[in-house]
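Chemist: The structure's right below; bear with me while I get my questions together.
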Amino acid sequence: MNARRPDNTPPHRYNAALAGEIETRWQRVWADAGTYRVANPGETLPTGETFDATKPKFYCLDMFPYPSGSGLHVGHPEGYTATDIVSRYKRMNGFNVLHPMGFDAFGLPAEQHAINTGEHPAGFTRQTIDTFRRQLQRFGFGYDWSREFATIDEDYYRWTQWIFLQIYNAWFDHDAGRARPIAELIEAAESDPDHAWHAMSPGERRRFVDDHRLAYLGEQTVNWCPRLGTVLANEEVIDGRSERGGHPVLRKPLKQWLFRITAYADRLLSGLDELDWPESTKAQQREWIGRSQGAEIDFELRGVDGLAVDPSLRVYTTRPDTVFGATYMVVAPEHPLVEEVLRSPRDATPNDKLRAYVEWAANRSDLERQESKDKTGVYTGVDAVNPATGERVPVWTSDYVLMGYGFGAIMAVPAHDDRDLEFAEKFGLEVRQVVYPAPLYPMWWLGTHAELKTLGDSAHWRNTVEDFMGLVATNGVAEADYPRALEQVVTNRRPGEQPGEPSLSGRGAVRMIWTETIDEMKIGSPEEFLDRMRSPERVRRLGEAFTEPGRAINSSNADVDLNGLNTQDAKARTIDWLERTGLGRRRTNYKLRDWLFSRQRYWGEPFPIVFDEHGQHHAVGEHTLPVALPEMTDYAPAESDDPQPPLGKATGWVRLTAGEAGVDALPADAPVTRETNTMPGWAGSCWYHLRYADRDNAENAIGPDADAYWLGENGVDLYIGGAEHAVLHLLYARFWHMVLYDLGHVRSSEPYRKLFHQGLITSFAYQRKDKSLVPVDQVIERDGGFVDADGEPVFQTTAKMSKSLKNVVNPDEIIDRFGADTFRLYEMYMGPLEASKPWNTDDTIGLFRFLQRAWRTLVREDTGELSLADTADAGTEKLLHRTIAKVGPDVERLSFNTAIAAMIEFVNAAGKTGLTHDQADRFARILAPFAPHLGEELWSRLGHDPASGDSIAVAPWPNFDDAMLVDDEAEIPVQILGKLRARVTVPSDADQKAIEAAAMADPRVQELLKGKTVRKVIVVPGRLVNIVAN
RNA sequence: GCGGGCGUGGCGGAAUUGGUAGACGCGCGGGAUUUAGGUUCCCGUGGCCCUCGUGCCGUGCAGGUUCAAGUCCUGUCGCCCGCACCA
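According to the working numbering, the residues represented by the first sequence are 520 to 1549, in order.
As structure tokens, this is what we get:
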């Protein structure tokens, strides 16, 4: 009874079923034929193809995915399609293209799965990788899969460990500005007869060397949760408890591996200038590195007799010019001075309060500090002497000063720093202004000059002040000439004389100052004015702390005089004075900290490090790499007061002999224990761009030939991935790459020459008036608008895709409905690659229709036979040249949406005229990078055999003829006074005169010009004519 | 607060150097085809007007420069992203 309804769809229409058939068929052919394999220098591929050294190279890299259990997201193929299009385009343009893919596979989700199930994380991870690979392959990306690897492969992470050892065995030579092997440090010390090395004990020598290593063991305060047995990130700690489970979290100092990335701060900063990266990303990296210039200053301490502390307190400041305004000091609660004050029992010191504060601050997480920025703090009982004023100032402690930056101590200048002012006001500390706003400075200067008092009535001095200000502001009078300028305006305004119009005033800033400071302040007498101008308190009334550059005031002592200097000069003079007197010196500081590289986890790369019986660390012998992860059954962290990484439980793995570990410095039978921390998730992604170029090299991480060719001097040619990696991954990878460069392992000083971030793909979402979001399945369309389930109106907006909003799009589903080619085209057509844009499944149909139309133009839907025109339509031929001329450059600048729009236009036109074999052949080639399956299908139907090397993937990019881009005639718009009034058609090679004549001859133009005088005619050849007439 | 960026039809967006604003797609309207429709084809589609004219208005808002401004300048409003007590 299942009466099948007849279907009127032609049998050979390009629909989902046909697209699916085409796509799987060509994917198989490409895999079998090795279409996308590329040879390394000197290599011959199984196909017999040899490396062609005459071709230029193009290395096109995606940020490899972390294969999560939930599979591919629509965001993944966005960047991957972009690189795929560029790769295919470059290959067709004669480049050897390296376009690889792999998997970033160590990480917490797999470890959590192992803890929950007892299953080894490797098994779970391999499954997710297989799923990801299968999903990726459905898109027809032209990756060279023979180069695929995952960071968890032993053949890969042995080299990750090897690179760690290179870093461990290197030091940073600040004179040379680069890393060098640690052996050269020892050599240099030994060959220098004056070096302290010669007087050192073996232990001291060891410490000297270890203190220079680029990878070193150091102490860092971490969030330790004893109950969970793990270290937590700041984001995972809320109100001193773990986000999961609500267990107490302590801040605990812990010995961990650190990388001396700070040594590279300047190079990481200056290297950015040479890179073709998004400005925002460069800005983020600069901000993260946080270079600032200023001075360190020593403040002599008072009230520390009997304490084992330095006699002076060193601070860092970017505003040394404000030292005269330093009225108190603040040290971080973790500062050694505080520790020492607490240790020494001293009468008359309210130590209890200090101790309570320090303990409270110690257990306050960074997150809490961020939430509440209310200033807290206590007086330490110690004072210091301001070296500029000689005045005694109190030393406070507060957690708004961070131990990790500068010296963990500041001089507080409340008049010129918002935070210091807030603190000073809360605790009643003195505020002293030492910088005056530059535009107001002449008024302040005036205020200090008593001549004004001799002036008569208020109108008179007002005009005098205004004239003086005008003179200074408009004529740029130098400070040295202020007395003369004052004299000039005073002598022009004798008492009793009628005040006329102010001669030089009334403009710009001067007028503003006048109304704000005199009229609005309602100052009655010259005396009152002078008092106000002299009093820096006036400026504070205008705003808060004055933090901008200005002119120094109140800043002189017997040794140095800053008064009147602008901030820049005042800084320089202060530093000169500090250096002359030995009170301080110029200093550059960075926010960048050394990189904490240890994790108390199982599922990461083990360190190639063992400890001897004395707790000294040793590198394992390189020939013993990889240090493979041991098999375990229990991955759960132990509940304890001290961090015990899961690997600690693998006692058979942890304990071995020096001989087994390849440590030559110890007797072969000496017992050693392995480092049980593992490397963080970033490790594997720091150098994967190198391994793709030489995956199977068993001798090197990357061989010199592969490096010289694929990376060369400039590294990766195009790197596309998400902006969320703007700082960490991209900074860490640059650091590793720079070390490898310094040690001679790669030729490129930077890994990624050109970087691009694809925008986030969002989804439409619906929002109530109160901004709450409604899941899409609860939204009903009504009366041309939208309402939620209760009938409350909601408005369309965009939001990140999320399970709770039920607006997540599954790529597999879209491919099932339309095919991978449509999916690829849709994502590239949504808008600019870098823009964040909302997914709208309804829009995909447009791209599907485009492919359908392209298909129908060349293939008969009823018979499936090729359908070609015998002769080329002239207009279509011309349009084809234009389309080719548009698509190429658009691909180069990653403007895929406009390239696709051009191809749609072409197909819309070509559908009407048909295409010849030759035209179809060229069109298929420009389509292929975007829709490779349909491209290959058309290509094969046009007589090529992709299975035997004649794939469209390696076909040459078609040429276009410049002569075909211009029409014989051009339609030129004619404007009158900038408004479009007519169009005239002229030969496209018409000169200005001819175009003008044609425009003037147009009947409509003549009519509109009747009774008007033509003042000017602007002719932009080929563009427009604009007639100025009135 | 600091840094980066963005405001163009009902929606996504185009306009590479100041030179015809709205390419292209969706949606919508009309028509065709049809053994009913979804994923076919063709035409139309920024707003306004009892004036239908190659008429007026129009790129967040207000000014300015220019023969000419989405584009440049000044101010202002709104939104997004990143960082955030870094002295």
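All residues carry an ideal CB built from backbone N, CA and C; glycine is no exception.
Under 7 Å Cβ to Cβ from R1092, same chain only, skipping five residues before and after it: list those, please.
Modeler: The residue labelled residue 1092 in the question sits at position 573 within the first sequence. For R1092, where only same-chain residues beyond five positions count, the Cβ hits under 7 Å are V1079, L1081, L1084.
Chemist: Can you list the beta strand (DSSP E) stretches of 3 or more residues lying completely in the stretch 839-920, in chain order?
Modeler: For the stretch 839-920, whole beta strand (DSSP E) runs of length 3 or above, ordered along the chain, are 847-850, 897-904, 911-916.
Chemist: Are W1201 and Y1251 close, meaning C-beta to C-beta below 8 Å?
Modeler: By 1-based counting over the first sequence, the position of residue 1201 is 682. By 1-based counting over the first sequence, the position of residue 1251 is 732. The answer is yes: Cβ separation under 8 Å.
Chemist: Please state the DSSP three-state secondary structure of N1549.
Modeler: As a working note, residue 1549 is residue 1030 in the first sequence. If DSSP states are grouped into helix, strand and coil, N1549 belongs with coil.
Chemist: Tell me whether G1025 is buried or exposed, calling it buried when 16 or more other Cβ atoms sit within 10 Å of its Cβ.
Modeler: Here residue 1025 corresponds to residue number 506 of the first sequence, with the count starting at 1. In this prediction, G1025 scores a pLDDT of 30, lower than 50, which makes its location untrustworthy; the coordinate-derived value is nonetheless stated afterwards. It counts as exposed.
Chemist: Which word fits S1470, buried or exposed, when buried means at least 16 other C-beta atoms lie within 10 angstroms of its C-beta?
Modeler: Working through the first sequence from its first residue, we reach residue 1470 at position 951. S1470 should be labelled buried.
Chemist: Any chance the stretch 1103-1117 sits against the stretch 801-820, with 3 or more Cβ pairs inside 8 Å?
Modeler: At 8 Å Cβ cutoff, the stretches touch.
Chemist: With 16 other CB atoms within 10 Å as the buried threshold, where does G1103 fall?
Modeler: Translated into positions along the first sequence, residue 1103 becomes position 584. So G1103 ends up on the buried side.
Chemist: Grab the span of the alpha helix (DSSP H) containing I705 for me, first residue to last.
Modeler: Taking the first residue of the first sequence as position 1, residue 705 is located at position 186. Residues 701-710.
Chemist: If R1372 and F1449 are in contact, beta carbons under 8 Å, what's the gap, nearest whole angstrom?
Modeler: The residue given as residue 1372 occupies position 853 in the first sequence. The residue given as residue 1449 occupies position 930 in the first sequence. 15 Å between Cβ atoms; not a contact.
Chemist: Quick check on V1314: buried or exposed, where buried means 16 or more other Cβ atoms within 10 Å of its Cβ?
Modeler: For the purposes of this step, residue 1314 is identified with residue 795 of the first sequence, where counting begins at 1. Checking the sequence, you will find Phe at residue 1314 rather than Val. When all chains shown are included, F1314 counts as exposed.
Chemist: Taking three-plus beta-carbon pairs below 8 Å as touching, is the stretch 572-582 in contact with the stretch 1230-1241?
Modeler: The answer is yes - the stretch 1230-1241 touches the stretch 572-582, with three or more Cβ pairs under 8 Å.
Chemist: Give a yes or no on whether the C-beta atoms belonging to V953 and N1073 are separated by under 8 Å.
Modeler: Along the first sequence, one-based indexing puts residue 953 at 434. Along the first sequence, one-based indexing puts residue 1073 at 554. It is a contact, given that the beta carbons lie within the stated cut-off.
Chemist: Would you kindly work out how many angstroms separate the C-alpha atoms of L959 and M1519, rounded to a whole number?
Modeler: The residue labelled residue 959 in the question sits at position 440 within the first sequence. The residue labelled residue 1519 in the question sits at position 1000 within the first sequence. Taking the straight line from one Cα to the other gives about 59 Å.
Chemist: Let me know the secondary structure DSSP gives Q1017 once reduced to three states.
Modeler: Within the first sequence, numbered from 1, the residue matching residue 1017 stands at position 498. Only weak support exists for where Q1017 lies, its pLDDT of 45 falling under 50; the coordinates are left without a value.
Chemist: What did DSSP end up calling K1535 once you bin it into helix, strand or coil?
Modeler: Residue 1535 sits at position 1016 when you count from the first residue of the first sequence. Strand at K1535.
Chemist: Quick check: the Cα distance between P575 and N615, rounded to an integer number of angstroms?
Modeler: Taking the first sequence and counting its residues from 1, one reaches residue 575 at position 56. Taking the first sequence and counting its residues from 1, one reaches residue 615 at position 96. If I take the Cα positions, the gap works out to 6 Å.
Chemist: Hey, N1545 and I1537 are a contact pair by Cβ (cut 8 Å); roughly how many whole angstroms apart?
Modeler: For the purposes of this step, residue 1545 is identified with residue 1026 of the first sequence, where counting begins at 1. For the purposes of this step, residue 1537 is identified with residue 1018 of the first sequence, where counting begins at 1. N1545 to I1537, Cβ: 4 Å. Contact.
Chemist: Pick out whichever of R1375, Y608, L1377, L1115 has its Cα sitting closest to the Cα of E1411.
Modeler: Taking the first sequence and counting its residues from 1, the one referred to as residue 1411 is at position 892. Ranking R1375, Y608, L1377, L1115 by Cα distance to E1411 puts Y608 first.
Chemist: So for H1256, helix, strand or coil by DSSP?
Modeler: Stepping through the first sequence from its first residue, residue 1256 is reached at position 737. Of the three classes helix, strand and coil, the one that applies to H1256 here is helix, per DSSP.
Chemist: For G621, count neighbouring Cβ atoms within 10 angstroms of its own Cβ and tell me buried if that reaches 16, exposed if not.
Modeler: Working through the first sequence from its first residue, we reach residue 621 at position 102. G621 comes out buried.
Chemist: So for S761, helix, strand or coil by DSSP?
Modeler: Position 242 of the first sequence, counted from the start, is the residue given in the question as residue 761. Looking at S761 - three-state DSSP - the assignment turns out to be strand.
Chemist: What's the call for L1484, buried or exposed, on a 16-neighbour Cβ count within 10 Å?
Modeler: Mapped onto the first sequence, residue 1484 falls at position 965. Label assigned to L1484: exposed.
Chemist: Among the candidates A1157, W963, P1186, whose CA atom is the shortest distance from the CA of R1070?
Modeler: For this step, residue 1070 is matched to residue 551 along the first sequence. Considering only alpha carbons, the answer is W963.
Chemist: Does the pairing of the stretch 663-676 with the stretch 547-565 give three or more beta-carbon distances under 8 Å?
Modeler: Contact holds: three or more Cβ-Cβ distances are below 8 Å.
Chemist: Considering only the beta carbon of each residue, do A1391 and T1435 sit closer than 8 Å?
Modeler: As a first step, residue 1391 must be located in the first sequence, where it is residue number 872. As a first step, residue 1435 must be located in the first sequence, where it is residue number 916. A contact, by the Cβ cut-off of 8 Å.
Chemist: Using the Cα positions of I701 and G923, report the straight-line distance between them to the nearest angstrom.
Modeler: Here residue 701 is taken as the residue at index 182 of the first sequence, counted from 1. Here residue 923 is taken as the residue at index 404 of the first sequence, counted from 1. Those two C-alpha atoms are separated by around 27 Å.
Chemist: What is the DSSP secondary structure of P1357, reduced to helix, strand or coil?
Modeler: On the first sequence, residue 1357 is found 838 positions in, with the first residue counted as 1. Strand.
Chemist: Please go through the same chain and pick out, in chain order, the residues whose beta-carbon is closer than 8 Å to the beta-carbon of E1346, but skip the five residues on each side of it.
Modeler: Counted from its first residue, the first sequence places residue 1346 at position 827. Closer than 8 Å at Cβ, skipping near neighbours: V593, P596, E597, T600, I1280.
Chemist: Note down, in chain order, each residue of its chain lying with its Cβ closer than 6 Å to the Cβ of A1189, except the 5 sequence neighbours on either side.
Modeler: In the first sequence, counting from the first residue as 1, residue 1189 sits at position 670. Cβ neighbours of A1189 beyond the five flanking positions: A1177.
Chemist: Let me confirm a value: Q1087 is counted as buried when at least 16 other C-beta atoms fall within 10 Å, else exposed. Which label applies?
Modeler: Looking up residue 1087 in the first sequence gives position 568. Exposed, by the Cβ-count rule.
Chemist: Using a 10 Å radius around the Cβ and a threshold of 16 neighbouring Cβ atoms, would you call E630 buried or exposed?
Modeler: As a working note, residue 630 is residue 111 in the first sequence. Answer is buried; the Cβ neighbour count reaches 16.
Chemist: What whole-angstrom Cβ distance do T1192 and F1130 have, given they're in contact under 8 Å?
Modeler: Walking along the first sequence from the start, residue 1192 turns up at place 673. Walking along the first sequence from the start, residue 1130 turns up at place 611. Contact holds; Cβ gap of about 5 Å.
Chemist: Return the CA-CA distance between E1035 and R1003, expressed in angstroms with no decimal places.
Modeler: Counting from 1 along the first sequence, the entry for residue 1035 is found at position 516. Counting from 1 along the first sequence, the entry for residue 1003 is found at position 484. Note that E1035 has pLDDT 46, beneath the 50 cutoff, so the model's placement of it is unreliable and no number is given.
Chemist: Would you check if there are 3 or more beta carbon pairs closer than 8 Å linking the stretch 792-806 to the stretch 907-916?
Modeler: They do not touch, by the three-pair rule.
Chemist: Determine which residues share a DSSP beta bridge with E1490 and list them.
Modeler: Numbered from its first residue, the first sequence carries residue 1490 at position 971. The partner list for E1490 (beta bridge, DSSP) reads T1504.
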